[in-house]
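Residue numbers (this note's numbering): 4 to 240. To start, the structure under review is shown below, and the notes come after it.
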Amino acid sequence: MPLYPLPRNLRAIFLSNIISTTLWFCCLGRFSVLLPLLGRRFLPVAIADFFHVLSTLPLITFFVVNLLGRNNHKASDFWGFFNGIRMVWICYGVIYPHPKIAKHGSYLVLLVTWCIQNMIDSAYHAFKVKTRSSPMWLIRLHYCHFIVTVPISMISEMILIFLSGHYEKNLVYDLFLDACLLLYIPVSFFFFKHLLERKDEKYNKYLEKRRLIRSADTWFVASQGRDHLRTLAEIIK
4 MPLYPLPRNL RAIFLSNIIS TTLWFCCLGR FSVLLPLLGR RFLPVAIADF FHVLSTLPLI
64 TFFVVNLLGR NNHKASDFWG FFNGIRMVWI CYGVIYPHPK IAKHGSYLVL LVTWCIQNMI
124 DSAYHAFKVK TRSSPMWLIR LHYCHFIVTV PISMISEMIL IFLSGHYEKN LVYDLFLDAC
184 LLLYIPVSFF FFKHLLERKD EKYNKYLEKR RLIRSADTWF VASQGRDHLR TLAEIIK
């Protein structure tokens with residue numbers, strides 16, 4: 004893949020995606036090393052602070068991309084903002100005030116899911132900015148991983164919100180948590196629908212374009228072969 008020189012704004016976006024990919028990978032690696040050593044109940048103590056700081060990266064990247072890399076904004080940009088705000092709120096508004104709930108298995112499931120999906124997405128965007136393309140396997144992962152990761156992460160988040168409500172003493176915030184829990188299913192449905200539409204719009208069109216290019220290349224090679232055979236036949240005659 005060719006590497007293109009980048010202006011300062013795209014250089015900043017590329018750097019933010021590289022940093023994000025590296026940090027999410029480090030978090031997943033740290034989880035893999037510490038889980039056998041500490042066990043499920045003690046692992047959150049060793050990894051929670053690092054993981055919670057990483058939860059701010061999607062929101063920071065959203066603002067970096069929209070301030071430096073885009074002139075025209077679309078309504079679908081809301082979902083990127085929603086995803087970033089949701090992650091920060093889950094860590095600092097749901098888990099951080101009540102650290103006991105981090106001992107539940109859903110917390111570790113959430114950690115692994117977020118690490119995987121954000122590592123894939125930031126790696127894809129880093130390739131996209133620097134080379135204007137990405138490896139086929141990474142494109143497939145970027146546009147299709149949500150089919151597995153989003154339902155798992157949403158269920159884990161709902162469990163943690165439910166557990167947080169048991170420890171919350173502020174009545175107003177407890178009611179807010181209950182309202183969020185009720186809204187999670189319909190909002191998750193629309194978020195999932197948005198990702199499906201994005202897949203149909205970009206990934207499926209990319210596959211169709213790739214198929215047409217391959218068909219054109221095959222036709223060109225075949226036509227060149229026929230011309231070569233005709234030339235040989237004329238020489239033999």
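Backbone N, C-alpha and C fix where the C-beta goes; we use that ideal spot for every residue, glycine too.
Its Cα nearest to that of Ile123, the residue Arg143 stands out among Asn12, Arg143 and Glu160.
With a cut-off of 8 Å on Cβ pairs, the segment 36-44 is not in contact with the segment 133-143, counting fewer than three such pairs.
The three-state secondary structure of Gly96, taken from DSSP, is helix. Contact between Met157 and Tyr187 holds: CB atoms are separated by about 7 Å, below the 8 Å threshold. Taking 4 residues as the shortest admissible run, the segment 113-191 contains the following complete alpha helix (DSSP H) segments, listed from N- to C-terminal end: 139-147 and 149-170. For His55, the three-state secondary structure derived from DSSP is helix. Cys94 sits close to Ser58, with the two beta carbons spaced by under 8 Å. When secondary structure is reduced to three states using DSSP, Ser79 falls in the coil class, being assigned neither helix nor strand. Look at Phe45 here: in three-state DSSP terms it is coil, with no helix or strand label.
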